[in-house]
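Undergrad: Protein chains in written order, with this note's numbering: chain A, 13 to 127; chain B, 2 to 114.
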Amino acid sequence: DTGVSQDPRHKITKRGQNVTFRCDPISEHNRLYWYRQTLGQGPEFLTYFQNEAQLEKSRLLSDRFSAERPKGSFSTLEIQRTEQGDSAMYLCASSDLGPRVSPLHFGNGTRLTVT
Amino acid sequence: SQQGEEDPQALSIQEGENATMNCSYKTSINNLQWYRQNSGRGLVHLILIRSNEREKHSGRLRVTLDTSKKSSSLLITASRAADTASYFCATVGPSGGYQKVTFGTGTKLQVIP
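1. Run the CB neighbour count on HIS117/A, radius 10 Å, all protein chains shown included, and call it buried at 16 or more, exposed below.
2. Could you confirm whether any beta carbon from chain B is found closer than 7 Å to the beta carbon of GLY119/A?
3. For a contact meaning CB atoms closer than 9 Å, what does GLY105/B contact in chain A?
4. Run through DSSP, which three-state label would ALA83/B get?
5. Among the residues of its own chain, which have a CB less than 7 Å from the CB of HIS46/B, if the five just before and after it don't count?
6. Can you list, in chain order, the residues of its chain with a C-beta nearer than 7 Å to that of ARG112/A? Leave out the 5 residues immediately preceding and following it.
7. On a Cα-Cα basis, can you pick out the residue from SER85/A, LYS23/A and ARG27/A that is closest to GLU95/A?
8. Looking only at C-alpha atoms, which of PRO82/A, SER106/A, SER70/A and GLU90/A sits nearest to PHE33/A?
9. When you compare only the Cα positions, how much space is there between LEU110/B and CYS24/B?
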């Protein structure tokens, strides 16, 4: 399967703990996106990478959030000192030619529950 | 913030009927895309319509775009139980930046067998 894969699928953590999610995009895609989705809402943009460069960050991404994409391949999203409001589905997507030309390909997400 | 708003928020129809969902957006676009999401899964791209196009078809899907009204509609004909999902419109800005993709709030479709 050459789709976007995300790990883990589910994560339950206690408030104050750090969590890290991983995304493996489609191999030939150089654009990678992170979105957050809460129940009943559409995905909200968090951050965007083109190759290894992080080109855009949403104001939603507080200083507790950090994302990396070393060597322009897989990406990680870390949340430090988690809060209950961080509970959501975290979606990763990749694209080859950019959304003006081609669509986003999404993984199945990581569902985070902060207790 | 989310650019698009879908209408209705929820729709329940019988199998075989047509389903129509509407999307309104606020700013100029390069293109508008529709995605589908099954419960607990990621989004799957359905169709992309560019700002200079008015209508596009793909199988049982028909999308229209009216840039003067900043609105789009997605029609699913002869619906099936397997079409039960949430449907989102997403807009891509016309210029600059990284071509941000902004999603709407979604329409939850239930097709009753």
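Even glycine gets a Cβ: it sits at the ideal position worked out from N, Cα and C.
TA: Well, looking at it:
1. In summary, HIS117/A is buried, with 16 or more beta-carbon neighbours lying within 10 Å of its beta-carbon over all protein chains present.
2. At a cut-off of 7 Å between C-beta atoms, GLY119/A counts as an interface residue with respect to chain B.
3. Under the 9 Å cutoff, chain A gives GLY54.
4. The three-state reading of DSSP puts ALA83/B in helix, counting H, G and I together.
5. Excluding sequence neighbours, HIS46/B sits near GLN34 and TYR36.
6. Around ARG112/A: no qualifying Cβ.
7. The option with the nearest alpha carbon to GLU95/A is ARG27/A.
8. Relative to the Cα of PHE33/A, the nearest Cα in the group PRO82/A, SER106/A, SER70/A and GLU90/A belongs to GLU90/A.
9. Those two C-alpha atoms are separated by around 14 Å.
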